[in-house]
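Heads up, the thing below is written out as structure tokens.
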Amino acid sequence: MTESESEDIRRVLAICFRGVSELDALDIERILSLDMGWLKPDEATTAVQALIKAGWLTGAQESLSPIEDFSSFSTPLGWFPRPQRLLNPNQFSRHDVEPTEEVKKTTLPPSKEKKPTPVAELKQETNDPRATTTRRLLKYIARASGLEAEEVQRRATRKQRALVHVTGWMALALVARDQGLDMDSVIQALS
0 MTESESEDIR
10 RVLAICFRGV
20 SELDALDIER
30 ILSLDMGWLK
40 PDEATTAVQA
50 LIKAGWLTGA
60 QESLSPIEDF
70 SSFSTPLGWF
80 PRPQRLLNPN
90 QFSRHDVEPT
100 EEVKKTTLPP
110 SKEKKPTPVA
120 ELKQETNDPR
130 ATTTRRLLKY
140 IARASGLEAE
150 EVQRRATRKQ
160 RALVHVTGWM
170 ALALVARDQG
180 LDMDSVIQAL
190 S
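Just so we're aligned: the sequence shown equals residues 0 to 190 in numbering that gives the first Met the number 0.
Next comes the structure, spelled out in structure tokens:
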């Protein structure tokens, strides 16, 4: 494998997993195709499965993570990967990566027991009067939908990350709508 081929894959994974340690396969496909526009949706599906097969991604389909921490790899402005390198990635090997001292310290040895990953907090607008209702709304959605509060927050955080400019309470309202909850009750909870 040439250095530039493995570097492309490391950069892609650094971008996809920016700020998170695990992603669903569908989220990675969305990032590769819709968010970044690097691949067509069907190619993105092929690329994710190829990255798993080549050893770059590990875990179950709903909780994939990169084989190593590539977050220290920077991406030049305007850079994009060659699609062929994602569709037919070379096999991952540890000697391809020469981590800096900082990365060596943060790389954790693989553990047999899966520790729960902390759920990212929803971004709140300080001048938004509805921001104070997010905790209450989160608990209401969890209770009404039967989901755990952490799962509701994780889904809302994903929506907020995908939609960028959406507030925390709006992301929660979108999760409630996805769960088929009565929107009048959600509006009441926001009032």
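Note that the Cβ used here is the ideal one computed from N, Cα and C, for glycine as well.
What are the residues that DSSP puts in a beta bridge with residue i?
{"i": "S64", "result": "T57"}
Using the rule of at least 16 other Cβ atoms within 10 Å of the residue's Cβ for burial, across every protein chain shown, is residue i buried or exposed?
{"i": "A170", "result": "buried"}
{"i": "F191", "result": "Because the chain here runs from 0 to 190, residue 191 falls outside it and cannot be looked at."}
{"i": "L85", "result": "buried"}
{"i": "T133", "result": "buried"}
{"i": "L162", "result": "exposed"}
{"i": "Q187", "result": "exposed"}
{"i": "K39", "result": "exposed"}
Could you pull the start and end residues of the alpha helix (DSSP H) that residue i belongs to?
{"i": "L44", "result": "Here residue 44 turns out to be Thr, not Leu, going by the sequence shown. 40-52 is the extent of the alpha helix (DSSP H) around T44."}
{"i": "E150", "result": "148-162"}
{"i": "R142", "result": "133-144"}
{"i": "D26", "result": "24-29"}
{"i": "D183", "result": "182-189"}
{"i": "P75", "result": "That residue, P75, is in no alpha helix (DSSP H); it is neither H nor E in DSSP."}
{"i": "V174", "result": "167-177"}
{"i": "L85", "result": "82-86"}
Considering only C-alpha positions, which residue in the set the options is nearest to residue i?
{"i": "T75", "options": "D68, A13, L25, P88", "result": "Correcting the residue identity first, residue 75 is Pro in this sequence and not Thr. The shortest Cα separation from P75 among D68, A13, L25, P88 belongs to A13."}
{"i": "R154", "options": "Q48, E61, V11, T45", "result": "E61"}
{"i": "A59", "options": "F69, S70, V47", "result": "V47"}
{"i": "A53", "options": "I140, S73, R142, F91", "result": "F91"}
{"i": "V185", "options": "G77, C15, D41, R129", "result": "R129"}
{"i": "S71", "options": "G36, A43, F16", "result": "F16"}
{"i": "P88", "options": "T57, S73, L50", "result": "L50"}
{"i": "L137", "options": "I27, Q178, D41, D127", "result": "Q178"}
Do the segment 139-149 and the segment 162-177 meet, that is, are 3 or more Cβ pairs less than 8 Å apart? yes
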